[in-house]
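Asker:
Numbering (our numbering), first residue to last: 34 to 357.
See below:
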């Protein structure tokens, strides 16, 4: 109870965009789940399973950089970092994670394997991307977005946008319809964290993301502040689905300008400027219209000079001339 009061009194909420999820509430969710005895945050509320990677690796980054001026956040982040370091050194665990690209280091895109580190009154586990096969960005939406961010870090913007487009192409208006959605254990259930990665990658690459993505994510925030891990095509939450640390961390990351700026050296672009809005032409459309207008003027000028008998060029003919 004392710990809860400490969180409540020392955590000063900030103003968030009305179209974004309630990030302050999500961060408080992480804080209240933190177990000071274990030094980690459990996978689910009041759970006894703690993942070093990826849950607490991500949680450390979130709490460290969400509000650097808040000592409650940074102190717990430092505690988590110490616990992670101790376990990884003691058991010879390397940080082999697909999420490394979010944290400034090289990612691994092999299939994920799970390992139990210790099992006492609580269980310590780790996810490592050290399987024998490479996950395809054409089958897994999260891999497409993470690989796009890796390409962006390497300075290959063209490749980054290509991979982003691959992932974006899996969005069916409700969720990311990739291989796991169609097959396997999570068949028929969309994954919330993939929406977060879609939004995040679009922000960093300055690519358009449908407004329905943020609307859906916002609707998946539970009363406890965390985010449900998955949902059915009709929007309903499966009975077995709860909130968890990994999903909540990725949503916070995707919508936090400070975190994005810290790890990518730039602040995120305004969400509204990248949302599809039928009433407002996009930058690409405006630019394209300008180029089209310039070409029309040039063609009209040439027609006038050469005294072509036909007094005008129809829109249909113009499209043929321009190759549209």
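Where is the CB? At the ideal position from N, CA and C, for every residue including glycine.
These numbers come from a predicted model, not from an experiment.
1. Based on Cα-Cα distance, which residue from 60, 227, 275 lies nearest to residue 93?
2. Excluding five sequence neighbours on each side, which residues of the same chain lie with their C-beta closer than 6 Å to the C-beta of residue 95?
3. On the DSSP bridge assignment, give the partners of residue 157 in chain order.
4. How big is the Cα-Cα spacing for residue 198 and residue 234?
5. Is DSSP giving residue 53 helix, strand or coil here?
6. Taking Cβ to Cβ, would you say residue 178 is nearer than 9 Å to residue 227?
7. Measure the C-alpha to C-alpha separation of residue 225 and residue 80 and round it to an integer number of angstroms.
8. Provide the residue span of the alpha helix (DSSP H) that contains residue 278, from first to last.
9. What are the start and end residues of the alpha helix (DSSP H) that includes residue 71?
10. Please report the residue range of the alpha helix (DSSP H) in which residue 262 lies.
11. Kindly indicate which three-state DSSP category residue 60 falls into: helix, strand or coil?
12. My output table needs one value for residue 146: the three-state DSSP class, helix, strand or coil.
13. Which same chain residues end up closer than 8 Å to residue 222 when comparing Cβ atoms and leaving out the 5 residues on each side of it in sequence?
14. In the DSSP assignment, the alpha helix (DSSP H) including residue 226 goes from what residue to what residue?
15. Whose C-alpha, out of 246, 76, 123, is nearest the C-alpha of residue 209?
16. Have a look at residue 77 and residue 91 and give me their C-alpha separation to the nearest angstrom.
17. Which residues in the same chain as residue 170 place their Cβ atom closer than 6 Å to its Cβ, once the five residues preceding and following it in sequence are excluded?
18. Write down the C-beta distance between residue 173 and residue 161 rounded to the nearest angstrom, noting that I regard them as a contact closer than 8 Å.
19. Can you give the beta carbon distance from residue 194 to residue 238, rounded, assuming they're within the 8 Å contact cut?
20. Please go through the segment 81-136 and give each complete alpha helix (DSSP H) segment of 4 or more residues, from N-terminal end onward.
21. Output needed for residue 53: all residues of its chain with C-beta closer than 6 Å, excluding positions within five of it in sequence on either side, in chain order.
22. Beta carbon of residue 116, beta carbon of residue 71: below 9 Å?
23. With residue 173 as the anchor, note down where its alpha helix (DSSP H) starts and where it stops.
24. Should residue 205 be labelled buried (16 or more other beta-carbon atoms within 10 Å of its own) or exposed?
25. Checking the sheet assignment: what are the DSSP bridge partners for residue 209?
26. Look up residue 242 in the DSSP assignment and say whether it is helix, strand or coil.
27. Whole angstroms are fine: how far does the CA of residue 276 sit from the CA of residue 260?
28. Just mark residue 140 as buried or exposed, buried being the case when its beta carbon has 16 or more other beta carbons within 10 Å.
29. Quick check: residue 67 and residue 126, are their CB atoms within less than 9 Å of each other?
30. Relative to the C-alpha of residue 131, which candidate in 269, 211, 142 has its C-alpha closest?
31. Among 231, 163, 220, 63, which residue has its Cα nearest to the Cα of residue 99?
32. Could you tell me the distance, in whole angstroms, from the CA atom of residue 134 to the CA atom of residue 269?
33. Do you know offhand how far residue 154's Cα is from residue 82's?
34. Nearest-angstrom Cα distance between residue 257 and residue 249?
Answerer: Taking the structure as given:
1. 60
2. 282, 285
3. 83, 151
4. 10 Å
5. coil
6. yes
7. 20 Å
8. 278-288
9. It is not in any alpha helix (DSSP H) - residue 71 carries neither H nor E in the DSSP assignment.
10. Segment: none, residue 262 is in no alpha helix (DSSP H) and carries neither H nor E.
11. helix
12. strand
13. 214, 263, 264, 265, 271, 274
14. 225-238
15. 246
16. 14 Å
17. 176, 177, 180, 196, 199
18. Their Cβ separation, rounded to whole angstroms, is 17 Å, which puts residue 173 and residue 161 out of contact at 8 Å.
19. 6 Å
20. 90-98, 104-123
21. 288
22. yes
23. Counting along the chain, residue 173 falls outside any alpha helix (DSSP H), and DSSP gives it neither H nor E.
24. exposed
25. 204
26. strand
27. 5 Å
28. buried
29. no
30. 142
31. 63
32. 32 Å
33. 10 Å
34. 17 Å
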